[in-house]
Amino acid sequence: MLKDEQIFEAVVDAVSCFNIPLMLLAKKDNQALLEIADNYDVPLLFEAFADRAYMDDGSLAPRTMKGAVLTDEEAILEQVRLIHIHKEVISINGNRVELEADTLCVHGDNDESIKLIESIAEILEEE
């Protein structure tokens, strides 16, 4: 739905009857999506990922790609800092990717995720 505005609009239309927000992958420029959602009175929440690597275009690196899932605690916490403070991530290729996020996801399939949530909360509270 993020690659096709007609599909996105159909999803927003369907969600509008539930009176709930729709969560989407955070990216740099959300204006077109916000305008469509506003037409249906659907609030959008933009989600970033603490423990996933990003591609240069702001999409998530495919899980089949080496390094797509971050498992190192310090790398995850640094990504959280970048998202929270600078509104960006460093792509899997080492490039800066801007994004505007409202929420932060920590995947439960990462063995370290439960332990990291407390550290992530501290970072978010400090800043």
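Quick note on numbering: the sequence shown equals residues 15 to 141 in the working numbering.
For every residue, glycine included, the Cβ atom is placed at its ideal position computed from N, Cα and C.
Helix, strand or coil at residue i [DSSP, three-state]
i, result
"Ala135", "helix"
"Leu74", "strand"
"Lys42", "coil"
"Leu130", "helix"
Residue i, enclosing alpha helix (DSSP H) - first and last residue
i, result
"Ile90", "Glu87 to Arg95"
"Val25", "Glu19 to Ser30"
Cβ-based burial, residue i [other Cβ within 10 Å; buried from 16]
i, result
"Ser132", "Checking the sequence, you will find Glu at residue 132 rather than Ser. It counts as exposed."
"Leu36", "buried"
"Glu112", "exposed"
"Arg138", "The question names Arg, but residue 138 in the sequence shown is Leu. With fewer than 16 other Cβ atoms within 10 Å, it is exposed."
"Phe63", "buried"
"Ile90", "buried"
"Ala51", "buried"
"Lys42", "exposed"
"Glu102", "buried"
Residue i - containing beta strand (DSSP E), residue span
i, result
"Glu112", "Arg110 to Glu112"
"Val83", "Element bounds for Val83: n/a, residue is neither H nor E."
"Ile104", "Glu102 to Ile104"
"Met37", "Leu36 to Leu39"
"Leu118", "Thr117 to Cys119"
Cβ separation of residue i and residue j, assumed to be a contact under 8 Å, to the nearest whole Å
i, j, result
"Phe60", "Leu38", "6 Å"
"Leu58", "Leu74", "Incorrect: roughly 18 Å between the Cβ atoms, too far for contact."
Review point. Where are the beta strand (DSSP E) runs, 3 residues long or more, that stay fully inside the stretch 45-69, in chain order?
Key: If one requires a minimum length of 3 residues, the beta strand (DSSP E) runs lying completely within the stretch 45-69 are 58-63, in chain order.
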